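Colleague: The structure that follows is given in the form of structure tokens.
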Amino acid sequence: MRIHLKIKTTNEAIPYDHQPLLTGTVHKWLGRNNEHGEISLYSFSQLEGGKATSKGLRFERGASYYISSYNSDLIKKLIGGIKTDPTLFHGLTVFEVIIEEDPDLSDRELFFAASPIFIKRRNGEKVDHIIYNDPRANECLEETLLKKMEKAGISDETLKIRFEVDYPKAGTKKINYNGVHNRASWCPVTIQGKPETKLFAWNVGLGNSTGIGFGAIK
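Right, dumping it as structure tokens:
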């Protein structure tokens, strides 16, 4: 299940490194929960509608973003939290919540990133940030999604995921998250598998750290 949030804005510039603030807002709306630090079965997109300026992002015509989850109860809890306190940060306020029911993805395989897809793997004493054209990337996407599917009690021996590396606008983005610089991918993906597997990915996102704003797909 997915909710689309329409957001009223002010003239205040939003810092480029606002992803921790967005994550904090999601947890504020969830209230007391066990999601933080766990394998996340939800994802959320970046804020859309912004214009880049020297002082940050400005949203002259409002903003929007979405939150998806495999767990419909989590979405209901979010809606309740938004009704109680619709504010985000820096003058942003939700004025409309639109519920999107799970779509039929039987005939669809191509998905676009709504927030950068982040893959990390420990390599000895360091942590590698694996981008879309790395030979390890596709296997890592499958590995992480299968781990989430296992948590949800889902299996699919036909699952295959790959980055569409030849997409003309494919690239990467560095995200500063509380002082940690993460290199993530802006690149479409093809997901082959059962319809319920593709729907699961559509809701929970791909790659690592979907619970803090990475890996949402549309």
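Just so we're aligned, residue 0 is where the sequence shown starts under numbering that gives the first Met the number 0, counting upward by one.
Beta carbons: idealized from backbone N, C-alpha and C, even for Gly.
Predicted model, so just to flag it, every value in this text is computed and none were measured.
What ranges does the beta strand (DSSP E) occupy inside the region 152 to 213, keeping only unbroken runs of at least 3 residues that lie completely in it?
Modeller: Segments of the beta strand (DSSP E) lying fully in the region 152 to 213: 159 to 162, 170 to 176, 179 to 185 and 188 to 191.
Colleague: Determine the direct distance from the alpha carbon of Ile216 to that of Gln191, and round the result to whole angstroms.
Modeller: So the alpha carbons of these two residues sit roughly 15 Å apart.
Colleague: Are Gly212 and Leu21 closer than 8 Å when you measure CB to CB?
Modeller: Taking 8 Å as the Cβ cut-off, Gly212 and Leu21 qualify as a contacting pair.
Colleague: Can you tell me which residues form a DSSP beta bridge with Phe43?
Modeller: The partner list for Phe43 (beta bridge, DSSP) reads Ile66.
Colleague: Is the beta carbon of Ile108 sitting closer than 8 Å to the one on Thr196?
Modeller: This sequence places Glu at residue 108; Ile is not what is there. No, they are not a contact pair.
Colleague: Do Thr157 and Ser42 count as a contact pair if the criterion is CB distance below 8 Å?
Modeller: Not closer than 8 Å, so no.
Colleague: Taking 8 Å as the cut-off, does the region 9 to 28 touch the region 87 to 94 (at least 3 CB pairs, one atom from each stretch)?
Modeller: Flag = yes, the region 87 to 94 and the region 9 to 28 touch.
Colleague: DSSP three-state call for Asp106: helix, strand or coil?
Modeller: Coil.
Colleague: Quick one: what's got a C-beta closer than 7 Å to Arg57's C-beta in the same chain, skipping five residues either side?
Modeller: Same-chain partners within the cutoff: Ala12, Gly49 and Lys50.
Colleague: Could you give the distance in angstroms between the alpha-carbon of Val96 and the alpha-carbon of Arg60?
Modeller: Whole-angstrom Cα-Cα distance: 17 Å.
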